[in-house]
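First to last, the protein sequences are chains G and L. Numbering follows this note's numbering, with no gaps: position 59 of the first sequence is 580. Numbering follows this note's numbering, with no gaps: position 90 of the second sequence is 221. Every residue, glycine too, gets a C-beta built ideally from N, C-alpha and C. Some notes on the structure that comes next.
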Amino acid sequence: MSMIEAAGVHVRFGDRVVLESVDLAVAEGEFHGVMGPNGAGKTTFFNVLTGRVKPSRGSIRLGGEDVTGLSPHRIAAKGIARSFQIMTLFDEFSARDNVMMGLPAFRARGLDMARAAAGDRNFAEQASEALAAVGLADKGDVRAKDLSYGDRRALEIAVALAQAPRVLCLDEPTSGLGFDGVQRLAALVARLKGKLTIVAIEHDMEFLFSLADRISVIHWGQVVARGRPQELQQNEWVRRSNLGKFA
Amino acid sequence: MIVGSRSSSDAARLVTPTMLVLWLVLATVPLWITRIGLYPYLGIEILIWSLYALAFNLVLGTAGLPSFGHGAYFGIGAYAFGLCQLDIVANLWICLAAAAVVAGLAGVLVALFISHRRGIYYAFMTIAFGQIFWTLAIKSHRITGGEDGLLKIKRLPADFGLVSFDLTDNVAFYYFVLAVFAVGTAVLWRLVHSPYGRVVAAIRQSEVRAAHLGYNVWLYKASVFALSAAVSGFAGGLFAMAQLAAFPDVMSLHQSGYVVMMTLVGGGLVSFWGPVIGVFLFLTARDVIGALTNAWMLYFGLLFIAIVLFRPEGIAGALSAAVQQHSLNTLRRRGTSAMRLLVGGGR
Numbered sequence: 522m523s524m525i526e527a528a529g530v531h532v533r534f535g536d537r538v539v540l541e542s543v544d545l546a547v548a549e550g551e552f553h554g555v556m557g558p559n560g561a562g563k564t565t566f567f568n569v570l571t572g573r574v575k576p577s578r579g580s581i582r583l584g585g586e587d588v589t590g591l592s593p594h595r596i597a598a599k600g601i602a603r604s605f606q607i608m609t610l611f612d613e614f615s616a617r618d619n620v621m622m623g624l625p626a627f628r629a630r631g632l633d634m635a636r637a638a639a640g641d642r643n644f645a646e647q648a649s650e651a652l653a654a655v656g657l658a659d660k661g662d663v664r665a666k667d668l669s670y671g672d673r674r675a676l677e678i679a680v681a682l683a684q685a686p687r688v689l690c691l692d693e694p695t696s697g698l699g700f701d702g703v704q705r706l707a708a709l710v711a712r713l714k715g716k717l718t719i720v721a722i723e724h725d726m727e728f729l730f731s732l733a734d735r736i737s738v739i740h741w742g743q744v745v746a747r748g749r750p751q752e753l754q755q756n757e758w759v760r761r762s763n764l765g766k767f768a
Numbered sequence: 132m133i134v135g136s137r138s139s140s141d142a143a144r145l146v147t148p149t150m151l152v153l154w155l156v157l158a159t160v161p162l163w164i165t166r167i168g169l170y171p172y173l174g175i176e177i178l179i180w181s182l183y184a185l186a187f188n189l190v191l192g193t194a195g196l197p198s199f200g201h202g203a204y205f206g207i208g209a210y211a212f213g214l215c216q217l218d219i220v221a222n223l224w225i226c227l228a229a230a231a232v233v234a235g236l237a238g239v240l241v242a243l244f245i246s247h248r249r250g251i252y253y254a255f256m257t258i259a260f261g262q263i264f265w266t267l268a269i270k271s272h273r274i275t276g277g278e279d280g281l282l283k284i285k286r287l288p289a290d291f292g293l294v295s296f297d298l299t300d301n302v303a304f305y306y307f308v309l310a311v312f313a314v315g316t317a318v319l320w321r322l323v324h325s326p327y328g329r330v331v332a333a334i335r336q337s338e339v340r341a342a343h344l345g346y347n348v349w350l351y352k353a354s355v356f357a358l359s360a361a362v363s364g365f366a367g368g369l370f371a372m373a374q375l376a377a378f379p380d381v382m383s384l385h386q387s388g389y390v391v392m393m394t395l396v397g398g399g400l401v402s403f404w405g406p407v408i409g410v411f412l413f414l415t416a417r418d419v420i421g422a423l424t425n426a427w428m429l430y431f432g433l434l435f436i437a438i439v440l441f442r443p444e445g446i447a448g449a450l451s452a453a454v455q456q457h458s459l460n461t462l463r464r465r466g467t468s469a470m471r472l473l474v475g476g477g478r
């Protein structure tokens with residue numbers, strides 16, 4: 522059984538069809554890459570997976586459970602975490618507090634008005650572990666808005682990891698990162714591979730082809746090619762397109 | 132929002148050193164307020180409006196929700212207190228609870244309609260509901276007394292079973308309101324620094340991120356609005372006691388704007404204590420400048436414009452920046468002295 526499965530997903534905004542019968546099945550522990558040109562519908566597909574956009578048709582199943590059309594907070598609670606192409610952090614909070622917000626234990630206490638949030642060692646320790654996993658161990662007290670671009674990207678992933686997700690959706694995680702940042706991220710993803718189901722939209726072909734177990738190519742709202750990286754390199758459509766040059 | 136905490140240890144406390152100092156200073160007010168040409172009733176007003184502004188700031192400062200019709204809940208609380216006393220039971224505690232509950236229920240009703248909105252649409256909806264409540268208060272003459280207000284409200288005694296305190300005297304009532312204010316500030320401080328408060332503050336920064344972390348954004352927005360309305364209503368109940376009446380004017384858009392102005396001028400967006408500073412400044416200016424000219428609001432309006440233009444973080448923000456700068460300068464001076472000593476030692 523797939524960990525996450527999209528079947529016949531169809532999205533239209535007014536007259537415009539953005540996604541047309543998109544299927545995707547990602548096995549547990551698989552790193553599945555999603556690539557395609559700008560405007561192909563990749564982020565919309567992510568928004569469907571994570572509940573931000575309700576599909577006009579089709580279904581999304583998480584571990585066999587139908588989660589189609591559930592709101593983002595319900596889908597997140599069921600175990601799908603995501604990062605954003607345009608970074609979305611709690612800028613006024615410290616890096617540690619950003620991560621703390623993602624902890625399921627903290628979320629369970631979200632309506633607690635009687636106890637102080639500060640000073641809970643369990644939360645702080647768990648948050649510090651997630652920060653250490655992305656190389657931000659010494660930056661826990663720095664406000665998110667004061668972090669460098671690369672560190673903010675890493676923090677986005679730390680927040681998603683703190684959710685202890687079953688599926689991690691990364692939307693262009695290398696976007697804006699320098700060579701070192703990409704290398705650091707690649708090392709992190711390599712460590713997570715096999716332990717976590719990951720779906721990543723990515724434009725960095727080297728990153729994707731070196732790490733992904735399988736890749737889906739979306740173009741004009743449809744999956745035009747799918748396979749293992751080496752299979753895709755032989756794919757006629759990919760070879761003819763610009764994407765093939767990088768692959 | 133920095134939420135007024137100088138350190139995480141302050142955030143973890145129920146009662147902070149700042150609170151203790153403030154309460155002690157406020158406890159001395161009846162001893163000297165008449166000597167400087169003012170009067171104890173002003174102190175009562177400042178405390179009640181401070182509680183109201185702190186409640187309002189849950190919505191504006193902590194949650195970042197622009198509510199411009201909050202006077203409605205303050206007024207509903209005043210009417211609920213008066214009607215409870217006149218028509219149901221003349222018991223202080225029951226009537227204050229009624230003020231909070233009725234205003235809170237009005238807040239729930241409004242929150243059901245507005246909590247899926249953001250920004251300007253949210254603001255307009257709060258104004259629209261505020262105007263509806265204000266109109267109802269004016270037109271329901273039989274219940275509220277219309278524009279004449281609900282009169283003959285009494286300052287009921289604070290009955291603690293074995294002892295009962297008469298609150299008819301302004302000084303006695305001041306100390307009662309101070310005690311309520313002290314409890315209110317501690318409760319609101321804890322609320323703002325609780326996990327709930329953190330989530331609400333997170334939602335202010337990014338609703339999208341909060342939702343994708345598993346938080347029901349609608350529920351938090353609705354609940355914080357209702358809580359704020361309930362505490363505002365509680366303050367309204369105290370205000371009815373203070374005035375011995377409840378009038379619809381506090382519910383008007385005009386007077387709803389006062390609490391926004393007080394909160395922003397004081398620095399509610401960056402500090403927990405900002406609304407208290409704003410209320411103190413506003414009501415003192417009203418009485419001191421108002422004794423000299425009827426156009427006191429013109430001068431306060433100019434101050435408001437100046438703050439928005441030059442210090443949008445308000446007085447609390449400016450004070451905080453000044454303290455930080457002072458600390459930085461002190462550190463630099465120490466650093467320079469230490470360097471001189473080191474260089475001197477090297478010789």
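Measure the C-alpha to C-alpha separation of residue i and residue j and round it to an integer number of angstroms.
i                      : j                      : result
residue 243 of chain L : residue 360 of chain L : 13 Å
residue 387 of chain L : residue 310 of chain L : 26 Å
residue 200 of chain L : residue 406 of chain L : 17 Å
residue 327 of chain L : residue 631 of chain G : 5 Å
residue 254 of chain L : residue 245 of chain L : 9 Å
residue 194 of chain L : residue 757 of chain G : 53 Å
residue 148 of chain L : residue 312 of chain L : 16 Å
residue 238 of chain L : residue 160 of chain L : 34 Å
residue 408 of chain L : residue 223 of chain L : 29 Å
residue 540 of chain G : residue 594 of chain G : 23 Å
residue 180 of chain L : residue 275 of chain L : 22 Å
residue 432 of chain L : residue 269 of chain L : 28 Å
residue 316 of chain L : residue 305 of chain L : 16 Å
residue 621 of chain G : residue 608 of chain G : 17 Å
residue 320 of chain L : residue 146 of chain L : 8 Å
residue 737 of chain G : residue 572 of chain G : 20 Å
residue 400 of chain L : residue 659 of chain G : 29 Å
residue 761 of chain G : residue 336 of chain L : 44 Å
residue 434 of chain L : residue 451 of chain L : 19 Å
residue 449 of chain L : residue 168 of chain L : 29 Å
residue 421 of chain L : residue 645 of chain G : 52 Å
residue 708 of chain G : residue 727 of chain G : 13 Å
residue 143 of chain L : residue 639 of chain G : 5 Å
Could you tell me which residues DSSP pairs with residue i in its beta bridges?
i                      : result
residue 359 of chain L : Its beta-bridge partners do not exist; DSSP assigns none.
residue 602 of chain G : G:689
residue 295 of chain L : L:290
residue 556 of chain G : G:738
residue 719 of chain G : G:552 and G:689
residue 526 of chain G : G:546 and G:582
residue 540 of chain G : G:532
residue 587 of chain G : G:582
residue 281 of chain L : L:377
residue 714 of chain G : G:717
Counting only the same chain and skipping the five closest in sequence on each side, list residues whose C-beta sits under 8 Å from that of residue i.
i                      : result
residue 438 of chain L : 395, 396, 445 and 446
residue 164 of chain L : 170, 171, 173 and 174
residue 551 of chain G : 524, 718, 719, 734 and 735
residue 773 of chain G : Examination of residue 773 of chain G is not possible in this model, given that chain G is present from 522 through 768 alone.
Could you pull out every residue in the same chain whose Cβ sits closer than 6 Å to the Cβ of residue i, ignoring the five residues on either side in sequence?
i                      : result
residue 134 of chain L : Confidence in residue 134 of chain L is poor, its pLDDT being 41 and thus under 50, which makes the residue's placement unreliable; the coordinate value appears in the next sentence. Cβ neighbours of residue 134 of chain L beyond the five flanking positions: 323 and 403.
residue 364 of chain L : 204, 207, 208, 230, 231 and 234
residue 530 of chain G : 540, 543, 569, 576 and 579
Beta-carbon within less than 7 Å of residue i's beta-carbon, same chain only, minus the 5 sequence neighbours each way: which residues are those?
i                      : result
residue 548 of chain G : 523 and 524
residue 657 of chain G : 616, 672, 675, 676 and 679
residue 562 of chain G : 539, 540, 739 and 742
| query | What are the start and end residues of each continuous beta strand (DSSP E) run of 3 or more residues lying completely inside the stretch 729 to 759 of chain G, in chain order? | reply | 735 to 740 and 743 to 748
| request: Quick one: which unbroken alpha helix (DSSP H) runs of 4-plus residues sit fully inside the stretch 182 to 224 of chain L? Chain order, please. | output: 202 to 214
| Start-end ranges of the alpha helix (DSSP H) lying completely within the stretch 596 to 669 of chain G, minimum 4 residues | You should have 616 to 623, 625 to 629 and 642 to 654.
| said: Quick check: the stretch 690 to 708 of chain G against the stretch 721 to 733 of chain G, are at least 3 beta-carbon pairs closer than 8 Å? | reply: Cβ pair count under 8 Å is three or more, so yes.
| field | Inside the stretch 367 to 421 of chain L only - alpha helix (DSSP H) runs reaching at least 4 residues | value | 384 to 397
| query | Taking contact to mean at least 3 C-beta pairs separated by less than 8 Å, is the stretch 706 to 722 of chain G in contact with the stretch 684 to 691 of chain G? | reply | yes
| Can you list the alpha helix (DSSP H) stretches of 4 or more residues lying completely in the stretch 310 to 366 of chain L, in chain order? | 326 to 336 and 338 to 343
| task | Say whether the stretch 576 to 588 of chain G touches the stretch 625 to 641 of chain G, bearing in mind that this needs 3 or more beta-carbon pairs closer than 8 Å, one atom from each stretch. | result | no
| query | Which ranges does the alpha helix (DSSP H) cover as unbroken runs of at least 4 residues, wholly within the stretch 218 to 275 of chain L, from first to last along the chain? | reply | 223 to 245, 250 to 270 and 272 to 275
| said: Pairs of beta-carbons, one from the stretch 543 to 552 of chain G and one from the stretch 743 to 759 of chain G, closer than 8 Å: are there three or more? | reply: Contact holds: three or more Cβ-Cβ distances are below 8 Å.
| request: Check whether the stretch 371 to 387 of chain L touches the stretch 424 to 431 of chain L, taking contact to mean three or more Cβ pairs, one atom from each stretch, closer than 8 Å. | output: At 8 Å Cβ cutoff, the stretches do not touch.
| query | Are the stretch 594 to 604 of chain G and the stretch 634 to 653 of chain G in contact at 8 Å, needing three or more beta carbon pairs? | reply | no
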